[in-house]
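Per the numbering used here, residue -11 is the first one in the sequence shown, and the count goes up by one each step.
Backbone N, C-alpha and C define an ideal beta-carbon position, used for all residues, glycine too.
I have placed the structure first, in the form of structure tokens, so that the comments after it can refer back to it.
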Amino acid sequence: MNKKHGLFLGDVLAIAILTYIGFASHGEGNVSHIPRMGTTFFPVLVSWFLMAPWFGLFDQNLTTNFKPLWRVPLAMSFAAPLASILRSAMLGNAALPIFTLVLGLVFALGMLLWRSIWVFGQAARRK
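Below is the structure:
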């Protein structure tokens, strides 16, 4: 598996884990809530993969260095409103601004943590 595939897979897993943590923090972490988790997971996934390339987050020159990590929360600040709108369309209700803000902050921090681990791993491999 090349580096880009590992990064894609890691992003998917990070989004899945963050989605689960969000639902579990509201007492909805069991198997019966998986369909409902999909209403957050898929919109965030689609939004992330639409926005992240625009910020160079899959460019190999940028994904092996700590300096460009500021782009991760910036990309999520654009992905979160889109994800919230997609989610609200799936659920047939309004996109709540506070939900969008919390979703953006939590996923930005989670993706920043995951991407930092990735960069650290890439730096360790070069040594």
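With contacts defined as CB atoms closer than 7 angstroms, Ala67 and Trp36 qualify as a contacting pair. Here Gly109 carries a helix assignment [DSSP, helix/strand/coil]. Annotation for Ser35: the continuous alpha helix (DSSP H) segment containing it runs Ile22 to Met39. Apart from the 5 residues on each side of it in sequence, Asp(-1) has no Cβ closer than 6 angstroms to any other Cβ in its chain. By the neighbour-count criterion, in which 16 or more other beta carbons inside 10 Å mark a residue as buried, Met99 falls on the buried side. Between the region 14 to 21 and the region 59 to 79 there are fewer than three C-beta pairs closer than 8 angstroms, too few to call the two in contact. For Val0, the enclosing alpha helix (DSSP H) stretches over residues Lys(-9) to Ala12. Going by beta carbons, Thr7 and Phe43 fall outside the 7 angstroms limit. Residues of the same chain with a CB within less than 6 angstroms of the CB of Glu16, apart from the 5 flanking positions on each side, do not exist. The Cβ atoms of Val32 and Ala71 sit closer than 7 angstroms to each other. The alpha helix (DSSP H) runs lying completely inside the region 38 to 65 and spanning 4 residues or more number zero. In the three-state reduction of the DSSP assignment, Gly98 falls in the helix class. Counting every other CB atom within 10 Å of its CB across the protein chains shown gives Arg75 a total of 16 or more, marking it as buried.
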